[in-house]
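Participant: The sequence shown begins at 1 in this note's numbering and counts up one residue at a time.
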Amino acid sequence: MTSPAGSGQRDPRRILLVAPPPRLVAEATEAGFDVLTLADPDGFRDDDALRRHLVELARTHRVSKLIACGEASALPAVLETAERLGLSPNRAAVARLLADPAGIRGLLTRSGPQWEAVALPAEPGEQPPAYDVEYGVETLTAEGMHRVTGIVELRRGDTSGAEEAPAAPGGRGSALHTFPAPLTGQEEAEIRALATGLLDLAGYEFGYAFTRIAHTAEGPRIVNAYTRQASGPVSRLIELTTGLASERELVRALSGKPMEAPVLVGCAAAVPLPCPDDVPQDVTLLAGVRELRDGYVLVTALTPAELTARTAAVRDRLA
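1. Relative to the C-alpha of glycine 266, which residue among Asp277, Gln281, Phe179 is closest?
2. Pick out the complete beta strand (DSSP E) segments inside the stretch 191 to 258, 3 residues or longer, and give them in chain order.
3. Indicate whether the contact test is met: 3 or more Cβ pairs, each with one atom in the stretch 246 to 258 and one in the stretch 266 to 286, closer than 8 Å.
4. Are the CB atoms of isoleucine 151 and leucine 194 nearer to each other than 7 Å?
5. With DSSP as the reference, label leucine 75 as helix, strand or coil.
6. Buried or exposed: glycine 207, going by 16 or more other Cβ atoms within 10 Å of its Cβ?
7. Going by C-alpha to C-alpha distance, which of Arg23, Leu36, Pro21 sits closest to proline 12?
8. Does the CB of aspartate 294 have a neighbour CB from chain C at under 7 Å?
9. Am I right that glycine 203 and valine 94 are in contact with their C-beta atoms under 8 Å? What's the rounded C-beta distance?
10. Tell me the rounded alpha-carbon separation between valine 333 and glutamate 56.
11. Quick check: the stretch 268 to 280 against the stretch 303 to 314, are at least 3 beta-carbon pairs closer than 8 Å?
12. Distance check for glutamate 80 and threonine 211, CA to CA, integer angstroms please.
13. For proline 182 and glutamate 239, I'd like the C-alpha separation in whole angstroms.
14. Name, in chain order, the residues that DSSP records as bridge partners for isoleucine 15.
15. By how many angstroms is the C-alpha of isoleucine 213 removed from the C-alpha of glutamine 186?
16. Should leucine 318 and glycine 295 be called a contact, given that it needs their Cβ atoms to be closer than 7 Å?
17. Our contact map puts proline 262 next to leucine 250 with C-beta atoms below 8 Å; I'd like the distance itself, whole angstroms only.
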């Protein structure tokens, strides 16, 4: 049974952010929220100490919502406390389920043959099909309605004029990120339907999610999903090409405002750095290079053909 987070009425503008990026704190404050933060949930001696601290914060300050960011969005102590206090519309079990390929397969199997067919094998002794192309689908959900903010292609062992690297079994290893993913209209619709359908089946109600879908010879297969904003360079690629700032959009959702529709202008790629500590100084002078970020070179262009050429130039310089 849910217990109230405070002896008095909750303040609808008071929110608790766990491990938030500074930009989210700034956006929420600017929007009129009274923001409390817990910067380092890992700094407690055990989960019980973290739970007690969260309960004390929530009840003392009459917090109305708790939002966990980044890796904190998967911490059981944070998720369970938010659910127990009624500070999150999401059940703690949802995040655990979505992150577990075996759990996802069980969910899809129970949901009918059409869903079972799009799960990666997870039975004992079965090996997942090898793949070197994966699609990452970032979504923002409000009141159970899922909006796709972007689909990025993650490709290992590519191409574009550069020497081919070995593909990583099961999709592991650094990847070339391309946004928007080069998909046909039908392929994009199918990928979107898989990502949003999975969130529906799991009962995900609010917040960002990042769903991984493998491109295999048998068709697209759901890998897993994380109940947080896309990590690494993905969100930045979306922002560079659409102008959507993920933190601002999350605050709009918290405020009950409709989410802005992305308007795509150009395309972008994130080229992995072979050695982030030894980057050629002149790589930032190449055409289209916007910045170095999270171990990647971020490149923009107006057309896919131009992006392919610019990406190849960066890869050649890094080789």
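C-beta atoms are modelled at their ideal positions from N, C-alpha and C, and glycine is treated no differently. Bear in mind that the values here come from a model prediction, so they are computed numbers and not experimental data.
Facilitator: From the atom records:
1. Phe179
2. 207 to 216, 219 to 226
3. no
4. no
5. coil
6. buried
7. Leu36
8. As a matter of chain content, chain C is missing from the structure shown, which is built from one protein chain.
9. 6 Å
10. Residue 333 falls outside the range modelled here, since the chain spans only 1 to 319, and no answer is possible.
11. yes
12. 22 Å
13. 18 Å
14. Val35, Lys65
15. 15 Å
16. no
17. The pair is not a contact, with the Cβ atoms about 14 Å apart (cut-off 8 Å).
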